[in-house]
Amino acid sequence: MGHQHVGFGQWAERYDDGVQGRVARWFYRAVLTTDVPAGCRVLDVGCGTGRLLSLLAERGAVGSGVEIAPEMVAVARRANPQMDIRQGTAEDLPFADATSDLVVTCLAYHHLDAPERFLAEAARVLVPQGRLVVAEPRLGLLRRPLNALFRAHDHVERFGSLAEIRGDLERSGFTLVRTRARGVTGLVEVRRP
Ligand SMILES: C[S@@+](CC[C@H](N)C(=O)[O-])C[C@H]1O[C@@H](n2cnc3c(N)ncnc32)[C@H](O)[C@@H]1O
Numbered sequence: 119m120g121h122q123h124v125g126f127g128q129w130a131e132r133y134d135d136g137v138q139g140r141v142a143r144w145f146y147r148a149v150l151t152t153d154v155p156a157g158c159r160v161l162d163v164g165c166g167t168g169r170l171l172s173l174l175a176e177r178g179a180v181g182s183g184v185e186i187a188p189e190m191v192a193v194a195r196r197a198n199p200q201m202d203i204r205q206g207t208a209e210d211l212p213f214a215d216a217t218s219d220l221v222v223t224c225l226a227y228h229h230l231d232a233p234e235r236f237l238a239e240a241a242r243v244l245v246p247q248g249r250l251v252v253a254e255p256r257l258g259l260l261r262r263p264l265n266a267l268f269r270a271h272d273h274v275e276r277f278g279s280l281a282e283i284r285g286d287l288e289r290s291g292f293t294l295v296r297t298r299a300r301g302v303t304g305l306v307e308v309r310r311p
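In terms of the numbering used here, the sequence shown opens at residue 119 and continues consecutively.
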């Protein structure tokens with residue numbers, strides 16, 4: 119496993135209006151196909167600038183977030199001053215057991231050092247029957263060469279296929295609710311037993 123991360127802090131102020139932020143909106147739309155009942159406690163892991171959290175709040179969710187890059191945390195808090203947004207990692211979530219009805223992670227899963235630790239943590243913070251939604255890009259033929267490039271540069275990032283991500287989630291004890299593939303957007307939704 120590599121040791122470097124693609125650092126996002128430097129892009130925090132420009133992310134939403136840049137190419138990445140624009141592309142990310144397709145993925146927010148995918149996540150928003152998930153059932154979000156009013157009052158649903160949603161934790162966004164790797165929440166970046168907090169834009170998805172704002173959209174979830176418009177649906178009536180009670181949002182909270184965790185994000186590794188302090189600069190991103192600052193932007194996300196500014197956009198969502200009413201929310202509990204903490205600096206921390208997906209692999210060691212700074213939230214108590216059984217405090218979320220829904221955990222989402224959008225375009226962040228491929229950045230994780232230890233996805234299996236994140237999945238154990240997601241199960242811990244979810245209530246029984248709580249749901250986890252992982253939204254990731256579908257890169258087709260680009261996926262393997264990109265992963266090879268990350269490996270060659272000693273980066274931890276790795277893109278999984280939708281089937282691989284689904285496999286990770288099921289092996290971690292989650293039950294499949296649905297997968298969704300539209301263009302470059304992929305989504306796996308599972309439930310904690
Ligand atoms: C491509 S950005 C996506 C941001 C946001 N979720 C969105 O869809 O716009 C990936 C985010 O994950 C964060 N991140 C990377 N590794 C992380 C980790 N181990 N724990 C928490 N956040 C992480 C990065 O700092 C970055 O803000």
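The C-beta atom is built at its ideal place from N, Cα and C for all residues, glycine as well.
Paired residues, beta bridge with residue i - DSSP
| i | result |
| --- | --- |
| Ser100 | Outside the displayed range of the chain (119 to 311) lies residue 100, so it cannot be described from this structure. |
| Thr293 | Arg309 |
| Ser172 | Partner(s): none; Ser172 has no beta bridge. |
| Leu220 | Val160 and Arg249 |
| Ala299 | Gly304 |
| Asp286 | Note: Asp286 sits in no beta bridge, so no partner. |
| Thr207 | Asp210 |
Cβ-Cβ distance between residue i and residue j below 8 angstroms
| i | j | result |
| --- | --- | --- |
| Glu254 | Asp231 | no |
| Val163 | Val184 | yes |
| Val193 | Ala130 | yes |
| Thr167 | Met201 | no |
| Gly127 | Ala187 | yes |
| Arg310 | Ala226 | no |
| Arg220 | Arg249 | In the sequence as displayed, the identity of residue 220 is Leu instead of Arg. Yes, the pair counts as a contact, with Cβ atoms nearer than the cut-off. |
| Ala299 | Leu280 | yes |
| Ala179 | Cys158 | yes |
| Val252 | Ile283 | yes |
| Pro212 | Gly206 | yes |
| Ser290 | Leu237 | yes |
| Ala148 | Arg169 | no |
| Tyr133 | Cys224 | no |
Extent of the continuous beta strand (DSSP E) run through residue i
| i | result |
| --- | --- |
| Ala253 | Leu244 to Pro255 |
Proximity test, residue i beta-carbon vs ligand 1 heavy atom, cut-off 7 angstroms
| i | result |
| --- | --- |
| Val184 | yes |
| Ala179 | no |
| Phe268 | no |
| Asp343 | The structure shown does not extend to residue 343, since the chain is modelled only from 119 through 311, so no value can be given for it. |
| Met201 | no |
| Leu225 | yes |
| Glu254 | no |
| Gln128 | no |
| Phe277 | no |
| Thr207 | yes |
The alpha helix (DSSP H) enclosing residue i, as first and last residue numbers
| i | result |
| --- | --- |
| Pro188 | Pro188 to Ala197 |
| Gly127 | Per DSSP, Gly127 belongs to no alpha helix (DSSP H) and is neither H nor E. |
| Tyr227 | Tyr227 -> no alpha helix (DSSP H), and no H or E assigned at all. |
| Gly139 | Val137 to Val149 |
Inter-stretch contact (C-beta, 8 angstroms, three-pair minimum) for the stretch 145-152 and the stretch 297-305:
Counting C-beta pairs with one atom in each stretch, the stretch 145-152 and the stretch 297-305 have three or more that are closer than 8 angstroms, which means they touch.
Three or more C-beta pairs under 8 angstroms: does that hold for the stretch 274-288 against the stretch 232-244?
Result yes; three or more Cβ-Cβ pairs closer than 8 angstroms.
Does the stretch 208-226 touch the stretch 245-253, meaning 3 or more C-beta pairs lie closer than 8 angstroms?
Taking a cut-off of 8 angstroms for Cβ pairs, the stretch 245-253 and the stretch 208-226 touch, as three or more such pairs fall below it.
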